[in-house]
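Peer 1: Chains as they are written, first to last, in the UniProt record's numbering: chain A, 1 to 428; chain B, 1 to 287.
1. The alpha helix (DSSP H) with residue 279(A) in it runs from where to where?
2. Considering only the alpha carbon of each residue, which of 72(B), 68(B) and 80(B) lies closest to residue 17(B)?
3. For a contact meaning CB atoms closer than 7 Å, what does residue 77(A) contact in chain B?
4. Taking 7 Å as the cut-off, does the CB of residue 57(B) come closer than this to any heavy atom belonging to the ligand SAH?
5. Using a Cβ-Cβ cutoff of 9 Å, what residues of the stretch 194 to 219 of chain B are near chain A? List them in chain order.
6. Does the CB of residue 70(A) have a neighbour CB from chain B at under 8 Å?
7. Excluding five sequence neighbours on each side, which residues of the same chain lie with their C-beta closer than 6 Å to the C-beta of residue 354(A)?
8. Can you tell me whether residue 121(A) is buried or exposed? The criterion is at least 16 other CB atoms within 10 Å of its CB, across all chains shown.
9. Residues in the same chain with beta-carbon distance under 8 Å from residue 33(A), minus the five sequence neighbours each way, listed in chain order, please.
10. In chain B, which residues lie less than 7 Å from residue 34(A) when you measure between Cβ atoms?
11. Pick out whichever of 202(A), 182(A) and 218(A) has its Cα sitting closest to the Cα of residue 39(A).
12. When you compare only the Cα positions, how much space is there between residue 308(A) and residue 373(A)?
13. For chain A, is any of its Cβ atoms less than 8 Å away from the one on residue 101(B)?
14. If you draw a straight line from the alpha carbon of residue 106(B) to that of residue 100(B), how long is it in whole angstroms?
15. Using beta carbons (cut-off 8 Å, strictly below), is residue 162(B) in contact with chain A?
16. Can you tell me where the beta strand (DSSP E) holding residue 223(A) begins and where it ends?
17. So, is residue 35(B) buried or exposed, given that buried needs 16 or more other C-beta atoms within 10 angstroms?
18. With residue 112(B) as the anchor, note down where its alpha helix (DSSP H) starts and where it stops.
19. Suppose contacts are defined by Cβ-Cβ distances below 8 Å. Is residue 313(A) in contact with residue 273(A) by that definition?
20. Can you name, in chain order, every residue of its own chain whose Cβ lies under 7 Å from the Cβ of residue 215(A), other than the five neighbours on each side?
21. Check whether the Cβ atoms of residue 242(B) and residue 50(A) lie closer than 8 Å to each other.
22. Can you tell which of 227(B), 255(B) and 216(B) has the C-alpha that lies nearest to the C-alpha of residue 275(A)?
23. Which same chain residues, not among the five before or five after residue 70(A), have their C-beta less than 6 Å away from its C-beta?
24. List, in order along the chain, the chain B residues whose C-beta lies closer than 7 Å to that of residue 353(A)?
25. So is residue 253(B) buried or exposed if we call it buried at 16+ other beta carbons inside 10 Å?
26. Residue 64(A) and residue 113(A) look like a contact to me (Cβ under 8 Å); what is the Cβ gap, rounded to whole Å?
27. In or out: residue 175(A) buried (at least 16 other Cβ within 10 Å) or exposed?
28. Please classify residue 251(B) as buried or exposed, where buried requires at least 16 other C-beta atoms within 10 Å of its C-beta.
29. Cutting at 6 Å between CB atoms, please list the residues of its own chain near residue 232(B), excluding the five before and the five after it.
30. Run through the stretch 352 to 376 of chain A for me and flag every whole alpha helix (DSSP H) of 4 or more residues, listed as ranges in chain order.
31. Considering only residues of the same chain and omitting the five flanking positions on each side of residue 102(B), which have a CB-CB separation below 7 Å?
32. Using Cβ-Cβ distances below 8 Å, what residues of the stretch 11 to 27 of chain A are close to chain B?
33. Measure the Cβ-Cβ separation of residue 377(A) and residue 325(A) and say whether it is below 8 Å.
34. Please state whether DSSP places residue 247(A) in a helix, a strand or coil.
35. I'd like the list of long-range same chain contacts for residue 407(A), defined as Cβ closer than 7 Å, with 5 residues on each side in sequence excluded.
36. On the premise that residue 221(A) lies in contact with residue 250(A), defined as a C-beta separation below 8 Å, what is that separation, rounded to the nearest angstrom?
And the structure:
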């Protein structure tokens with residue numbers, strides 16, 4: 001098969017992995033060496049596709065043949081998608097050639113599982129090894145690892161890669177049992193624990209005084225959870241993410257809204273979740289990691305899913321109006337972080353500025369804070385919101401996006417994907 | 001009122017600013033203009049002798065933001081930077097930089113932000129084209145054409161030097177060009193677009209990748225535009241595909257939704273899967 005055709009198939013097969021980060025790697029560059037490449041600064045997105053996703057890494061599958069039958073996946077064994085397989089050398093050459101033209105930050109390599117987990121893992125590792133050792137490649141490498149692979153191979157992957165990851169796919173074992181029968185949540189988490197320990201070990205070695213520099217190892221691991229393919233609520237998804245962050249210290253959990261795939265499985269839901277659900281999960285994830293929110297605060301027992309119409313911080317504030325208004329000139333950082341419309345950066349700017357001056361609304365305006373959003377929740381030197389405003393019945397309605405008038409078109413309207421879904425599902 | 005004419009560079013501004021500070025000239029008495037601009041109402045009054053000696057202490061943080069903001073093209077930047085400098089050194093506002101709500105601080109920070117974004121986008125969107133191999137050294141030679149928002153070549157050159165040390169390259173822009181030969185960076189004057197190669201043999205393969213990695217089932221054109229403004233498209237080999245990808249997405253999704261759903265496929269007799277199933281059956285549930 002021609003290289004171009006292989007690239008077409010194996011990039012198409014890789015696009016359902018949302019992970020794109022190329023930041024957070026150890027600092028290294030190509031000075032004094034024979035090759036090219038550098039990492040360590042902020043990640044760089046070299047292009048953007050019309051799906052709004054950044055293109056930072058050359059994201060490929062080594063092969064899209066797979067023994068497993070995960071029903072959300074286009075590459076599962078019961079799909080009849082065309083199969084292809086790169087040789088390790090083809091991937092190595094593509095990576096280096098693309099990198100030299102500044103198309104990419106590096107390589108993100110994954111694979112369908114062929115023969116066995118170890119066999120596949122060895123192939124993945126061989127690509128990374130060739131890049132590092134034969135081509136002196138110092139760019140970013142992200143290797144997808146297989147939880148069933150031997151710890152020694154996962155360790156080897158970590159020694160060549162800047163980041164390694166294992167996809168948890170679904171937040172519960174029950175979900176996996178129905179959609180990904182070969183996968184085990186416990187085994188995945190065990191593999192994550194092993195990677196965490198290796199990362200910690202290296203950090204500890206690095207901190208030892210007078211010890212020689214330990215050999216490189218990936219600086220972090222990440223994972224992906226599929227949203228909307230099973231019945232899991234946002235609360236279940238966020239609780240799993242919280243466990244992964246706290247117990248396994250993942251750098252990132254990616255949420256991938258399940259989207260229609262060619263060759264769909266009979267077991268899949270017919271309706272893809274709205275894209276905004278994925279967006280709300282990312283916002284909630286940010287609140288967990290940077291805004292000191294506890295996972296239990298994001299949803300309620302009555303409503304285990306995030307509000308699609310409002311961002312989760314605003315939704316929380318509306319449920320907890322008694323805690324507001326907060327005085328920007330006095331409130332502690334953890335309270336300011338809870339004010340809808342105030343981001344981490346602006347909270348820190350406010351705290352720096354108020355040591356020297358009493359903040360007025362004009363100061364906040366200069367920081368480009370969304371005034372309409374924050375005003376009901378804050379007190380400033382020249383502003384006190386009316387209490388009745390916070391308590392008003394229509395308070396929530398004020399933050400909702402304006403209603404969109406339905407277009408009445410009696411011509412021949414084009415069938416939209418949503419129409420087609422409704423034709424298939426019989427839903428009105 | 002004094003008129004000061006400078007080359008639009010941080011170094012030129014710094015030299016003049018030192019002289020003005022040494023002479024204790026307050027900012028409201030200085031009219032900053034760039035050389036080549038229409039001479040202002042005031043003729044170049046008694047030229048201040050360039051002053052090489054530091055006359056006042058400012059923090060490294062100020063120098064860093066001043067250097068970055070100087071790369072912006074807002075004509076008021078020289079005056080604003082001098083006012084900031086004056087307030088820090090002569091105005092008794094030593095802590096000014098830690099007041100991000102101050103008008104001058106804010107303005108300069110916004111310029112810095114715009115410049116940093118320009119630098120970031122240049123690192124992302126420069127595209128090298130292979131033009132040959134050096135006969136003597138065997139090193140591959142690449143050339144890129146780029147049109148940055150501001151004259152940013154000197155700010156981004158060190159990044160490319162570190163990243164592409166192992167190849168020879170030139171980045172050509174309308175303002176200034178930079179060249180790397182494995183040993184040193186050389187800077188030369190700007191050139192027109194026609195000086196750079198148009199295509200690279202690999203562009204087609206790159207476009208194949210761009211086409212294949214796009215997911216038609218999640219169109220977010222606005223997000224793409226925000227991150228990759230159209231002004232950059234003309235120098236990106238992949239951007240020509242964008243209209244056809246958007247136009248074709250609806251039909252592609254429709255085809256996916258119309259396609260017959262497929263049943264699960266049992267895999268019997270695969271020793272690896274049999275072992276896996278056995279492991280799964282004996283697995284303790286996750287907490």
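Beta carbons are placed, not taken as given, at the ideal position from N, Cα and C, and that holds for glycine.
Peer 2: Concretely, from the data shown:
1. Residue numbering aside, residue 279(A) sits at position 279 when the first chain is read from its first letter. From DSSP, the alpha helix (DSSP H) with residue 279(A) extends over 275 to 290.
2. Taking the first residue of the second chain as 1, we reach residue 17(B) at position 17. When each option's Cα is compared against that of residue 17(B), the closest is 80(B).
3. Position 77 of the first chain holds residue 77(A). Going along chain B in sequence order, the residues near residue 77(A) (Cβ under 7 Å) are 265 and 267.
4. No copy of the ligand SAH occurs in the structure displayed, which carries no ligand at all.
5. 200, 202, 203, 204, 205, 206, 208, 209, 210, 211, 212, 213, 214, 215, 216, 217, 218 and 219
6. Residue 70(A) sits at position 70 when you count from the first residue of the first chain. For residue 70(A), the answer is no, since every Cβ of chain B falls outside 8 Å of its Cβ.
7. By 1-based counting over the first chain, the position of residue 354(A) is 354. Result list for residue 354(A): 329, in chain order.
8. Locating residue 121(A) in the first chain gives position 121, counting from the first residue. Residue 121(A) is buried by the Cβ-count criterion.
9. Position 33 of the first chain holds residue 33(A). The answer, listed in chain order, is 136 and 138.
10. Here residue 34(A) refers to the residue found at position 34 when the first chain is read from its first residue. Chain B residues near residue 34(A): 166.
11. Along the first chain, read from residue 1 onward, the residue named residue 39(A) stands at position 39. Closest by alpha carbon: 218(A).
12. In the first chain, the residue the question calls residue 308(A) occupies position 308. In the first chain, the residue the question calls residue 373(A) occupies position 373. Computed Cα separation, rounded: 17 Å.
13. The count along the second chain starts at 1 and reaches residue 101(B) at position 101. Yes - at least one Cβ of chain A is within 8 Å of the one on residue 101(B).
14. Counted from its first residue, the second chain places residue 106(B) at position 106. Counted from its first residue, the second chain places residue 100(B) at position 100. Distance between the alpha carbons of residue 106(B) and residue 100(B): 6 Å.
15. As a position in the second chain, residue 162(B) is number 162, starting the count at 1. Yes, residue 162(B) lies at the interface with chain A (some Cβ there is under 8 Å from its Cβ).
16. Stepping through the first chain from its first residue, residue 223(A) is reached at position 223. Counting along the chain, the beta strand (DSSP E) containing residue 223(A) begins and ends at 220 to 227.
17. Residue numbering aside, residue 35(B) sits at position 35 when the second chain is read from its first letter. Classification for residue 35(B): exposed.
18. The residue labelled residue 112(B) in the question sits at position 112 within the second chain. Element bounds for residue 112(B): 103 to 125.
19. Within the first chain, numbered from 1, the residue matching residue 313(A) stands at position 313. Within the first chain, numbered from 1, the residue matching residue 273(A) stands at position 273. Cβ atoms of residue 313(A) and residue 273(A): not closer than 8 Å.
20. Within the first chain, residue 215(A) is the residue found at index 215, counting from 1. Cβ within range, chain order: 159.
21. Translated into the one-based positions of the second chain, residue 242(B) becomes position 242. Translated into the one-based positions of the first chain, residue 50(A) becomes position 50. Taking 8 Å as the Cβ cut-off, residue 242(B) and residue 50(A) qualify as a contacting pair.
22. Here residue 275(A) is taken as the residue at index 275 of the first chain, counted from 1. Closest option to residue 275(A), Cα to Cα, is 216(B).
23. Against the first chain, residue 70(A) aligns to sequence position 70. Cβ within range, chain order: 76 and 180.
24. For this step, residue 353(A) is matched to residue 353 along the first chain. Ordered by position in chain B, the residues that pass the 7 Å Cβ test against residue 353(A) are 99, 100 and 101.
25. Within the second chain, numbered from 1, the residue matching residue 253(B) stands at position 253. Buried, since its Cβ has 16 or more Cβ neighbours within 10 Å.
26. The residue labelled residue 64(A) in the question sits at position 64 within the first chain. The residue labelled residue 113(A) in the question sits at position 113 within the first chain. 11 Å between Cβ atoms; not a contact.
27. In the first chain, residue 175(A) corresponds to position 175, counting from 1. Classification for residue 175(A): buried.
28. Within the second chain, the letter at position 251 stands for residue 251(B). Counting Cβ neighbours within 10 Å, residue 251(B) comes out exposed, since fewer than 16 surround it.
29. Here residue 232(B) refers to the residue found at position 232 of the second chain. The residues are 125.
30. 361 to 366 and 371 to 374
31. Here residue 102(B) refers to the residue found at position 102 when the second chain is read from its first residue. 96, listed in sequence order.
32. 11, 12, 14, 15 and 16
33. Position 377 of the first chain holds residue 377(A). Position 325 of the first chain holds residue 325(A). Contact: yes.
34. If you number the first chain from 1, residue 247(A) lands on position 247. Residue state, collapsed to three classes: helix.
35. One-based indexing of the first chain puts residue 407(A) at position 407. Its pLDDT being 49, under 50, residue 407(A) is placed unreliably by the model, and nothing is read from it.
36. Within the first chain, numbered from 1, the residue matching residue 250(A) stands at position 250. Within the first chain, numbered from 1, the residue matching residue 221(A) stands at position 221. Correct: roughly 6 Å between the Cβ atoms.
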